[in-house]
Structures are given as C-alpha cells and as structure tokens.
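Numbering-wise (the numbering used here), the sequence shown opens with residue 52 and increments by one.
No residue lacks a Cβ here, since even glycine has one placed at the ideal position from N, Cα and C.
Input: a single structure, listed below in structure tokens.
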Amino acid sequence: MKRRKNYRNLTQRFGFALLTLIALLTVIPIVAVVAYIFYMGWSAISWEFLTQFPTDGMRSGGIMPAIVGTVILTFVTTILCVPLGIAAAIYLSEYATENRFTRLIRLALITLAGIPSVVYGLFGLGMFVIFFQMGTSILAASLTLAIMTLPVVITTAEEAMRSVPQAFRTVSISLGATGWKTIRRIVLPEALPGILTGVILGLERAAGETAPILFTGAVFSLPSLPTSLLSPTMALPYHLYVIATQVPEMPLEIQYGTALVLLVFVLGLNLIATIIRSRARARRQW
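Rendered as structure tokens:
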C-alpha cells in the first residue's frame, strides 16, 4: 500500500515537472523575442521618432503617420466589428434554436477564422476597393479587417454568454424581467470578461496584419495625415514591411524601433483589456 502511494506521488511529481517544462519551453521563446526587440529597438525611440514624418526615403525622421494610421484603423475596425459581432453572438447564444442552420453558421465561423489574411485582403480589394469604388482608403481597409475579426469575436462572445449559468436567466425572468432585459442586465455584464478576451484577440490580430491593408488601405508614404475615411493611410505593419524589405541601406535600429512601437501598441491593448476584465471578474457573482 505504501509502495503504491509512493508510486502515485512520484507520478504526480513527474507530471507537474513535465507540465512546468512544457510551459517554460512555450514562454521562454516569447520572452526572448520580446526582449530582443526591446534591446534592438530601444535606441531608436525618441520624441522626434514618435512625432515626426519620415524623411530621406524612410531612412530617418519619425513614424508618426504610421502610428496615427494604425490607431485610426484599429478604432474604425472596432466600431464596425464589435457591435455586429456581439449582436450575432447574442442571437446564437440566446435566441437561435439548435438546428442545421445554426450548426452551419458555427461551421462557417470556424472556417472563416482559419482563412489566411491575404485571402481577406484580396476579398477586400475586389469588394470594397473595386466593386464599391472606395479606392485605397481607411474605410475599405477597416471593413476588410472587421470581416476578418468577426469570426473570433462572435465565437468567443457566444462561448462567454453560454458560460453564464442558466439559473441567472431563470431567476431574472421569474422576477418579471423580459428576455432582452435579462440579456442586457444579467448575461452581458456577467459574460463581459470573456467577450473582452475575444474582442482584444481579434483587434490584436487586426492591428498587426499587413496583407489586408496592403491591398485595401495602406500606402508607402503620405505628405500629410489622412483627412477622411476615404483617404489612404500609413500603418505600422505595412511601414515595417516596407522599410525591412523595400528600402536599401535602411538603419537596423529604425526597423526594430518600428517593431517595438507596434509591439507596445498591441501589448497596450492587451493591458487595457486585462484591467477591464479583472475589474469585471471582481464584480461577478459566480
């Protein structure tokens, strides 16, 4: 009996050690990449780098238009994508019955989430740039990014709402609340942490993609900031691609500095979402 107990303890310790090793093997490369980008790009970061236009064929100056363009694209994509994605998730979670049609919708969402971003870029080029004659513009790029982000937002938001205990809905309706009021006052606030996770995952992918905006909205250089949604824009992912592959004799610190700014932007989105999610979880009743 004692030998069997010792064997179980040894097996448990071995399992914990193996899982710890796997976690370290996953985390260490990520930390190493982030640290290397910080190390290589920190020397390029300055007030001028963050607030000036590029000069000398992108070899000097700053990246301010690319930063502003990335913020605008992310903001417009959020406005276009998040309300529609959450509305679709509410329908699938709270109203739709389980039948062949809803199973087909979920299969389509899973399929769309796995499509390469370059395919979305070509779709945006044909649909928004050419067919709807939006041209190379912020609106065309944001619509393309919104379509690319929707499957992630819908899927995660639906799962978050399904995780809310059914008893919450039953008690709310038994007290006289309507179905929509139950969703608005009970289900959505309780599912907010999971919904935010999906939204940020989708927006992080959108903020870092190059192919969709390459075909629909991003340009190599602009003499001024965009003035409307139908104007083209610079963006950090495309700007990084250009200076890393198309500009000869490009200083290495500017390339890594641009990558560092993009990384900080994405991590900033994640940090904001984490803070909001933590506060929402603290107020949760289950």
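Query, Result
"Under three-state DSSP, which class holds Thr106?", "strand"
"Could you tell me whether the segment 197-208 touches the segment 166-178, using the rule of 3 or more Cβ pairs below 8 Å?", "yes"
"By a C-beta neighbour count over all protein chains shown, 10 Å radius and 16 as the cutoff for buried, is Gly268 buried or exposed?", "buried"
"For the alpha helix (DSSP H) holding Trp231, just list the boundary residues, first then last.", "Gly230 to Thr233"
"Find the nearest neighbour of Glu209 within the set Ile161, Ala139 and Lys232, judged by alpha-carbon distance.", "Ala139"
"Indicate whether the contact test is met: 3 or more Cβ pairs, each with one atom in the segment 110-130 and one in the segment 268-282, closer than 8 Å.", "yes"
"Excluding sequence positions up to five away, which residues of its chain have a Cβ less than 6 Å from the Cβ of Ile246?", "Ala208 and Ala211"
"What's the C-alpha gap between Val204 and Gln103?", "35 Å"
"I'd like the span of the alpha helix (DSSP H) that includes Val293, first residue to last.", "Leu287 to Thr296"
"Suppose contacts are defined by Cβ-Cβ distances below 9 Å. Is Pro288 in contact with Gly259 by that definition?", "yes"
"Which runs of the alpha helix (DSSP H) at least 4 residues long sit entirely within the segment 74-123? Give them in chain order.", "98-102"
"Which word fits Val215, buried or exposed, when buried means at least 16 other C-beta atoms lie within 10 angstroms of its C-beta?", "buried"
"Measuring CB to CB, does Gly92 end up less than 9 Å from Val312?", "yes"
"Does the beta-carbon distance from Leu190 to Phe179 come in below 9 Å?", "yes"
"Inspect the beta-carbon positions of Glu145 and Ile234 and report whether they are closer than 9 Å.", "yes"
"For Phe65, count the other beta carbons within 10 Å of its own beta carbon; 16 or more makes it buried, fewer makes it exposed. Which is it?", "exposed"
"So what does DSSP say about Ala147, is it helix, strand or coil?", "coil"
"Who are the Cβ neighbours of Thr128 in its own chain at under 6 Å, not counting the five residues just before and after it?", "Ser193, Leu196, Ala197 and Ala257"
"Closer than 8 Å by C-beta to Arg151: which residues in its own chain qualify, once you throw out the five before and the five after it? Chain order, please.", "none"
"Assign Thr284 to one of two classes, buried (16 or more other C-beta atoms within 10 Å of its C-beta) or exposed (fewer than that).", "buried"
"Beta-carbon separation of Ala324 and Thr229 under 9 Å?", "no"
"For Thr284, name the three-state secondary structure that DSSP assigns.", "strand"
"Alpha carbon to alpha carbon, how far is Ile79 from Leu314?", "17 Å"
"Going by DSSP, which residues form a beta bridge with Ala269?", "Thr284"
"Compare the C-alpha of Ala333 against each of Pro240, Leu226, Glu304 and Lys232 and name the closest.", "Pro240"
"Report yes if the CB atom of Gly186 is closer than 9 Å to the CB atom of Leu101, and no otherwise.", "no"
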